[in-house]
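Before any comments, here is the structure.
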């Protein structure tokens with residue numbers, strides 16, 4: 030079979046950020062009329078590669094060729110004008126404007142200096158028709174679902190005679206039908222000869238839609254493979270790499286957990302999570318597995334008092350205890366490292382030291398400052414224990430890398446010596462070294478008697494660390510699985526997909 | 012650093028026009044001189060600006076301080092004119108200011124109204140309240156004890172300056188010795204993250220507004236005591252804008268977060284020195300506002316990192332992606 034000439038070739042791309050080598054000698058080629066999946070773990074360099082391609086960051090080394098001619102984009106606009114369009118994970122549209130305005134924003138058809146609304150609506154409808162969509166283009170975008178908004182973003186992207194369309198995690202907020210709709214559109218565009226670069230962490234979707242894939246690990250190229258020649262297991266092995274290939278359980282001997290620490294009894298919040306029951310014992314690591322948006326973070330926030338429960342109650346050591354604020358949870362020695370460390374974790378303007386002692390200071394109130402010697406002692410101890418780098422407590426936390434920021438957040442909660450530590454995606458977006466360190470730390474803490482609720486999108490990681498795994502699906506707790514030899518990521522994935530196995534006890538998911 | 016440079020430049024300009032500008036002498040056991048005057052007349056602005064600093068650090072703003080200045084002076088003078096004790100009058104006035112500030116804080120943190128709107132309510136209503144207290148008249152009092160606050164001397168130093176030093180010391184102690192400053196900064200940068208770290212954000216915000224109103228109250232006493240009368244219409248008029256300007260010139264971002272008390276004091280002194288300079292170098296009265304605006308624009312521009320970069324074009328090696336640098340000053 031003759032391979033058509035690639036429409037886009039990137040070779041030897043390297044990119045250095047302060048303290049991190051984000052990309053190192055990465056090649057990528059896109060053929061016309063193919064869906065090409067870009068695979069890799071969080072932090073492997075996928076987004077950086079896309080940003081280099083679209084002109085957000087300049088590449089330090091390497092070349093980009095578009096249609097055979099070398100190019101260098103100084104801005105996303107230049108890349109777009111050259112025919113490389115991007116649809117980002119979070120839809121970058123103005124929901125208060127109409128569908129037509131969104132599609133043609135900045136490129137409105139004009140007549141005598143004024144916008145020609147009639148022509149604009151016609152053009153927008155035409156573009157949507159290309160995607161087999163028929164919408165009221167003068168209605169505000171906010172009246173349509175997220176999936177439709179995504180389509181509108183795509184319509185906007187292909188208006189500028191796109192030769193390359195980049196879809197960065199377009200399916201993360203879509204349901205199954207909507208994904209199917211998106212895939213129909215993708216196949217149609219592919220038929221028109223557009224090269225599509227597809228990023229997704231849903232393996233099944235990648236196998237359904239993509240023709241070939243490029244795999245990255247730690248900023249390096251692992252290889253380029255035709256999708257049908259690489260099994261899912263091989264793909265995961267290549268993404269994770271040799272280092273973690275031996276997926277040994279981090280816990281040694283089986284332990285018996287008989288002292289319940291925190292119990293959720295029919296706890297639920299309307300619109301966020303169906304009522305569930307769950308028991309976390311002292312020294313136990315409970316894994317929460319489920320897809321994005323399945324209610325993992327919602328459970329964590331309820332247990333920490335960050336949100337109010339609408340039903341049920343929480344018992345701490347057998348006594349019903351209302352946790353209506355984070356302070357109430359902290360008084361019960363519950364700590365919560367939130368998923369989004371930028372939005373609701375760290376205070377970027379403050380130093381590493383101040384960020385670490387913040388929660389301790391909050392529990393003492395503003396009138397009783399933590400003495401400076403004690404601060405320095407605590408902070409330097411945790412900087413050493415967690416290998417925070419640079420080890421300077423007076424550094425602004427915003428200048429640290431993602432992994433080190435995560436460690437700062439961990440340190441903040443560890444100095445409170447919590448009995449239950451809730452970790453929501455503690456290893457997301459950080460490099461493999463820091464990831465392993467944090468995993469080891471969790472195992473050590475639990476061996477020392479601390480209970481941990483561990484939330485992660487990476488099933489292997491959940492399996493490595495947890496004593497039992499709670500599986501979530503569509504905002505319901507559907508299964509509780511003991512982490513024994515029979516539990517593999519395949520079984521977990523199947524449980525997530527099917528909503529519970531027949532042979533496991535279904536704990537909390539009441540029929541709704 | 013920049014505010015200090017500007018202040019030095021302004022002072023140097025004054026010396027150029029008035030060679031005796033720096034001389035300080037003792038007359039009748041009182042300190043006299045242009046520098047003393049700047050400190051003395053700038054005292055109310057410094058006080059209001061200190062309170063404003065904490066409010067701005069929480070990510071808010073307080074437009075009502077000017078009205079609180081008027082209310083405080085009006086209530087104190089009314090009490091004294093009705094033969095109440097000076098101490099009781101002052102305590103009552105400051106107590107009312109605390110209540111008004113707590114009300115602002117409640118509207119912002121408890122009800123969730125945007126700070127600029129929440130304090131706009133008291134800015135407008137407060138003027139009315141002050142006029143209600145004075146019955147629309149200018150209340151004149153003849154009380155030597157009350158006169159001390161704004162016009163008295165202690166150990167040759169004007170009492171107003173001593174009050175400023177005292178309030179500055181207390182504020183510095185509360186925010187930097189105790190943990191209030193760090194908690195205020197956390198709330199100002201990211202209120203949700205602060206709440207999840209266990210900080211009582213609501214209490215901190217209410218406290219900041221109450222403190223700002225208290226500072227404005229003291230400033231109001233100082234202003235009315237200095238002229239031995241209360242003018243509900245004009246006392247403290249537009250002082251909130253000067254105070255916001257002083258805070259911004261001092262390097263505190265209007266977006267909240269890191270604040271600098273020293274910077275604010277410098278900022279307030281720059282504004283006061285500017286006023287003095289306008290008189291001493293003989294700028295025609297009809298152009299004083301324009302002159303002031305030009306200087307303030309220059310100060311704000313020189314403080315903006317983006318502006319400095321554009322103008323001075325420092326040739327440095329491009330270090331990857333530029334670290335996020337907040338433009339501290341965007342308004343003039």
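Chains as they are written, first to last, in the working numbering: chain A, 30 to 541; chain B, 12 to 343.
Beta carbons: idealized from backbone N, C-alpha and C, even for Gly.
8 Å Cβ cutoff, residue i in contact with chain B
i                      : result
residue 335 of chain A : yes
residue 356 of chain A : yes
residue 390 of chain A : yes
residue 396 of chain A : yes
residue 405 of chain A : no
residue 137 of chain A : no
residue 365 of chain A : yes
residue 378 of chain A : yes
residue 368 of chain A : no
Sequence-distant residues of its chain with Cβ nearer than 8 Å to residue i (five each side left out)
i                      : result
residue 178 of chain B : 58, 61, 226 and 229
residue 318 of chain B : 312
residue 189 of chain A : 109, 110, 112, 114 and 136
residue 105 of chain A : 83, 84, 85 and 115
residue 177 of chain A : 162 and 164
residue 212 of chain B : 120, 198, 202, 205 and 206
residue 327 of chain A : 298, 301, 302, 336 and 504
residue 100 of chain A : 93, 94 and 111
Between the CA atoms of residue j and residue i - distance to the nearest angstrom
i                      : j                      : result
residue 373 of chain A : residue 202 of chain B : 8 Å
residue 147 of chain A : residue 179 of chain A : 24 Å
residue 408 of chain A : residue 414 of chain A : 10 Å
residue 232 of chain B : residue 84 of chain B  : 5 Å
residue 351 of chain A : residue 305 of chain B : 58 Å
residue 44 of chain A  : residue 53 of chain A  : 7 Å
residue 271 of chain B : residue 258 of chain B : 8 Å
residue 393 of chain A : residue 263 of chain B : 27 Å
residue 42 of chain A  : residue 83 of chain A  : 13 Å
residue 337 of chain A : residue 522 of chain A : 30 Å
residue 68 of chain B  : residue 14 of chain B  : 18 Å
residue 219 of chain B : residue 72 of chain B  : 10 Å
residue 76 of chain A  : residue 250 of chain A : 14 Å
residue 395 of chain A : residue 383 of chain A : 13 Å
residue 87 of chain B  : residue 97 of chain B  : 8 Å
residue 267 of chain B : residue 74 of chain B  : 16 Å
residue 432 of chain A : residue 500 of chain A : 27 Å
Proximity test, Cβ basis, 8 Å: residue i and chain A
i                      : result
residue 210 of chain B : yes
residue 201 of chain B : yes
residue 262 of chain B : no
residue 269 of chain B : yes
residue 196 of chain B : yes
residue 225 of chain B : no
residue 265 of chain B : no
Nonlocal neighbours in the same chain, by C-beta distance under 6 Å from residue i, ignoring five residues either side
i                      : result
residue 82 of chain B  : 137, 140 and 141
residue 420 of chain A : 412
residue 29 of chain B  : 291
residue 74 of chain A  : 51, 52, 245 and 248
residue 386 of chain A : 399 and 404
Beta-carbon proximity list for residue i, same chain, < 7 Å, skipping 5 on both sides
i                      : result
residue 502 of chain A : 319, 323, 525 and 528
residue 59 of chain A  : 35, 36, 37, 65, 193, 224 and 226
residue 299 of chain A : 339
Anticipated Cβ contact below 8 Å, residue i with residue j, distance rounded
i                      : j                      : result
residue 39 of chain A  : residue 56 of chain A  : 6 Å
residue 236 of chain B : residue 160 of chain B : 4 Å
residue 209 of chain B : residue 391 of chain A : 4 Å
residue 381 of chain A : residue 437 of chain A : 6 Å
C-beta neighbour in chain E for residue i, strict 8 Å
i                      : result
residue 373 of chain A : This model lacks chain E altogether; the protein chains it does include are A and B.
>> Within 8 Å, do at least three Cβ pairs link the stretch 208-218 of chain A to the stretch 160-173 of chain A?
In response: Contact holds: three or more Cβ-Cβ distances are below 8 Å.
>> Three Cβ pairs or more, each shorter than 8 Å: is that satisfied between the stretch 76-96 of chain A and the stretch 162-179 of chain A?
In response: Cβ pair count under 8 Å is below three, so no.
> Are at least three pairs of beta-carbons, each pair with one atom in the stretch 294-311 of chain A and one in the stretch 339-356 of chain A, less than 8 Å apart?
Replying inline: Between the stretch 294-311 of chain A and the stretch 339-356 of chain A, the count of Cβ pairs shorter than 8 Å is three or higher; the stretches touch.
> Just checking, does the stretch 137-154 of chain A make contact with the stretch 224-238 of chain A on the three C-beta pairs under 8 Å criterion?
Replying inline: With the cut-off at 8 Å, the stretch 137-154 of chain A and the stretch 224-238 of chain A do not touch.
> Is the stretch 353-370 of chain A touching the stretch 440-459 of chain A, taking contact as three or more C-beta pairs under 8 Å?
Replying inline: Yes, the stretch 353-370 of chain A is in contact with the stretch 440-459 of chain A.
>> For the structure I just gave you, are there three or more beta carbon pairs, one from the stretch 273-284 of chain B and one from the stretch 193-200 of chain B, closer than 8 Å?
In response: At 8 Å Cβ cutoff, the stretches do not touch.
>> Under 8 Å: do the stretch 246-260 of chain B and the stretch 89-106 of chain B share three or more Cβ pairs, one atom per stretch?
In response: Short answer: they don't touch.
>> If contact is defined by three or more beta carbon pairs under 8 Å, each pair taking one atom from either stretch, is the stretch 189-196 of chain B in contact with the stretch 39-57 of chain B?
In response: In short, these stretches do not touch, since the Cβ pair count stays below three.
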